[in-house]
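Peer 1: Starting off with a structure, shown below.
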Amino acid sequence: MNPNTVIVRLGELTLKGRNRHRFEKRVLQQLQPLREQYPNTGISLEFGRIHIDLQETPYEAAAEVLDKIFGLASYSPAHRVSLELEDIREKALELMRELESPEGKRTFKVAAKRSNKKYPHDSMALMQLVGGHILRHTQGWLVDVHHPEVTLWVDIRDKEAFVFTDIVPGSGGYPLGTNGKGMLLLSGGIDSPVAGWLSMRMGLEIEAVHFHSYPYTSERAKRKVEDLARELARYSGTLKLHMVPFTDIQVKLKEQGRENLLVICMKRAMLRIAEQLAERRSAKALITGESLGQVASQTLASLDVIGRAAQIPVLRPLITMDKGEIVKVSEKIGTFPISIQPYEDCCTLFLPKSPSTNPSIRTVEKVEAMIPGLDELIRLAVEGTETQVIEAGQSARELDELF
Ligand code: ATP
Ligand code: MG
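Quick note on numbering: the sequence shown equals residues 1 to 403 in UniProt numbering.
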């Protein structure tokens, strides 16, 4: 039996205070694609939750959209019925018949919630009236109020009632964009797409920047990053991807001879460029996929020296996660299979044999000061940046007008 409604619950904490209206509006906007695909879908806001009236919309299509919206506490496929007790009982019975098992008796309880205080039956009475009806008309159910296999929810509202058995956890966090915008440094690896997703989940709108060393890195490596951006775009609709030509800077940094500081200097140049792009795009933070201790450039001392290249905050959502935890998220969000395709990153190409794990900011700044024209090269890289708009499920569209 197909549900005719989906009850969507926004996170209770996020609903407190002045943010409430803004958050609800954002979630409603993110449901629009569902209505574009299925124009008869009804979407309404009802006291801290959203009701999706499915009409011809398959529940699975709604669930697919809901799973990509941040800031939801949970949602339930539900059956909307009239307030007549007979209607409620019949729908509940139909639902419980479907869940009966041929292998033996299952346990259930009825949980009634009554926000309509004028309703003639209170919650206790409803539990008995509905539960008793099910016990009388089925063979396969026993009541267990403490550890039931199935909870049958009966939710009495002002003008209608809902009957359901499933509460699907939402992805949590805050609605996309309700906490501002960040610029994600997106490589082709496993970590940075996860950092991007976690940032979006915490309510940040993101744009992505990728540094390529064409022709040392291939066209295919670029395409891989576009593919990763497209996966992330499934959560935001579209994603702007800024492609920065990084070859000249890398060659210059390599020439200065301090091999052990090369990666640190490269990362600092990346942050400086990303910061300028962030300023132009009104992003208030940079986001990286760095986590503690994975490689030489991710010791606390290295992160310190790298981070000092930028004035705006550098967010590192993965900082306390180990590789196993990061991989789990990347599998969940769909970026893992793309991330593990072989590719050359501009950093790995120029990798020195013994990178410093304990760089000093004074030495690094001295080395940078000896590189002629570094500021100018950084300016040129920013000017040479090409931007594309990546749309979920579509190929990239070039954008010239942004910078
Ligand atoms: P990832 O799996 O994200 O590549 P990693 O563990 O391989 O991370 P590094 O390669 O040292 O670590 O990169 C650290 C972070 O620096 C990345 O997570 C990313 O945010 C940024 N970064 C590295 N290379 C690039 C690049 N070519 N373009 C954009 N950002 C990059
Ligand atoms: Mg990497």
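Note that beta-carbon positions come from the ideal geometry of N, C-alpha and C, so glycine has one too.
In the DSSP assignment, the beta strand (DSSP E) including Pro-77 goes from what residue to what residue?
Peer 2: For the purposes of this step, residue 77 is taken as the residue at position 77 of the sequence shown. Its beta strand (DSSP E) spans residues 72 to 81.
Peer 1: Of all the options Glu-344, Arg-35 and Ser-291, which has the alpha carbon lying nearest to the alpha carbon of Tyr-216?
Peer 2: Position 216 of the sequence shown, counted from the start, is the residue given in the question as residue 216. Closest by alpha carbon: Glu-344.
Peer 1: DSSP beta-bridge partners for Ser-44?
Peer 2: One-based indexing of the sequence shown puts residue 44 at position 44. DSSP, once it has assigned bridges, lists His-51 as partnering Ser-44.
Peer 1: Return the Cβ separation of Glu-160 and Arg-49 in integer angstroms, given the expectation that the two are a contact with Cβ distance under 8 Å.
Peer 2: Here residue 160 refers to the residue found at position 160 when the sequence shown is read from its first residue. Here residue 49 refers to the residue found at position 49 when the sequence shown is read from its first residue. Not quite, the Cβ-Cβ distance comes to about 13 Å (not below 8 Å), so this is no contact.
Peer 1: Below 8 Å between beta carbons: does that hold for Lys-118 and Thr-151?
Peer 2: Reading the sequence shown from its first residue, position 118 is the one you call residue 118. Reading the sequence shown from its first residue, position 151 is the one you call residue 151. No. Outside cutoff.
Peer 1: So which residues put a beta carbon under 6 Å from any heavy atom of the ligand MG, going in chain order?
Peer 2: Taken from the N-terminal end onward, the list reads Ser-187, Gly-189 and Asp-345.
Peer 1: Along the chain, where does the alpha helix (DSSP H) containing Lys-252 start, and where does it finish?
Peer 2: What you label residue 252 is simply residue 252 of the sequence shown in a count that begins at 1. Per DSSP, Lys-252 belongs to the alpha helix (DSSP H) from 247 to 255.
Peer 1: Using a Cβ-based criterion (distance less than 7 Å to any ligand heavy atom), does Thr-247 qualify as near the ligand ATP?
Peer 2: In the sequence shown, residue 247 corresponds to position 247, counting from 1. Thr-247: no, Cβ never under 7 Å from the ligand ATP.
Peer 1: Find the nearest neighbour of Pro-313 within the set Phe-162, Ala-61 and Glu-279, judged by alpha-carbon distance.
Peer 2: As a first step, residue 313 is located in the sequence shown; it is residue number 313 there, counting from the start. Ranking Phe-162, Ala-61 and Glu-279 by Cα distance to Pro-313 puts Glu-279 first.
Peer 1: Among Met-266, Ala-62, Asn-19 and Lys-252, which one has its Cα closest to the Cα of Leu-303?
Peer 2: On the sequence shown, residue 303 is found 303 positions in, with the first residue counted as 1. Checking every option, the nearest Cα to that of Leu-303 belongs to Met-266.
Peer 1: Taking the alpha helix (DSSP H) that Glu-279 falls in, what are its first and last residues?
Peer 2: Position 279 of the sequence shown, counting from 1, holds the residue named residue 279. Note, Glu-279: alpha helix (DSSP H), 262 to 280.
Peer 1: Cα-Cα, which of Leu-253, Pro-102 and Val-65 is closest to Ser-171?
Peer 2: In the sequence shown, counting from the first residue as 1, residue 171 sits at position 171. The shortest C-alpha separation from Ser-171 is found at Val-65.
Peer 1: Please name the residue, chosen from Ile-69, Lys-353, Asn-2 and Gly-132, that lies closest to Leu-95 on a Cα-to-Cα basis.
Peer 2: Translated into positions along the sequence shown, residue 95 becomes position 95. Comparing Cα-Cα distances from Leu-95 to each of Ile-69, Lys-353, Asn-2 and Gly-132, the minimum goes to Asn-2.
Peer 1: Using CA atoms only, rank isn't needed, just tell me which of Val-8, Leu-85 and Pro-342 is closest to Ala-73.
Peer 2: Counting from 1 along the sequence shown, the entry for residue 73 is found at position 73. Among Val-8, Leu-85 and Pro-342, the Cα nearest to that of Ala-73 is on Val-8.
Peer 1: Tell me, which residues are paired with Pro-169 by DSSP?
Peer 2: As a first step, residue 169 must be located in the sequence shown, where it is residue number 169. Ser-74.
Peer 1: How many Å lie between Gly-42 and Gln-29 at the Cα?
Peer 2: Position 42 of the sequence shown holds residue 42. Position 29 of the sequence shown holds residue 29. Looking at the two C-alpha atoms, the distance is approximately 13 Å.
Peer 1: Pop quiz: Arg-89 and Asn-116 are said to be a contact at Cβ under 8 Å. What is the actual Cβ separation, rounded to whole angstroms?
Peer 2: Counting from 1 along the sequence shown, the entry for residue 89 is found at position 89. Counting from 1 along the sequence shown, the entry for residue 116 is found at position 116. So it is not a contact: roughly 17 Å between Cβ atoms.
Peer 1: If you draw a straight line from the C-alpha of Ala-62 to the C-alpha of Thr-288, how long is it?
Peer 2: Taking the sequence shown and counting its residues from 1, one reaches residue 62 at position 62. Taking the sequence shown and counting its residues from 1, one reaches residue 288 at position 288. Going from the Cα of Ala-62 to the Cα of Thr-288 covers about 32 Å.
Peer 1: Just to check my reading of the structure: Lys-181 and Ile-206 have Cβ atoms closer than 8 Å, yes? What is that Cβ distance to the nearest angstrom?
Peer 2: Along the sequence shown, read from residue 1 onward, the residue named residue 181 stands at position 181. Along the sequence shown, read from residue 1 onward, the residue named residue 206 stands at position 206. About 7 Å separates the two Cβ atoms, so the contact holds.
Peer 1: Judging by CA-CA distance, which residue of Asn-358, Thr-165 and Ile-52 is the nearest neighbour of Glu-99?
Peer 2: Numbered from 1 along the sequence shown, position 99 holds the residue referred to as residue 99. Rather than Glu, the amino acid found at residue 99 in this sequence is Leu. Ranking Asn-358, Thr-165 and Ile-52 by Cα distance to Leu-99 puts Thr-165 first.
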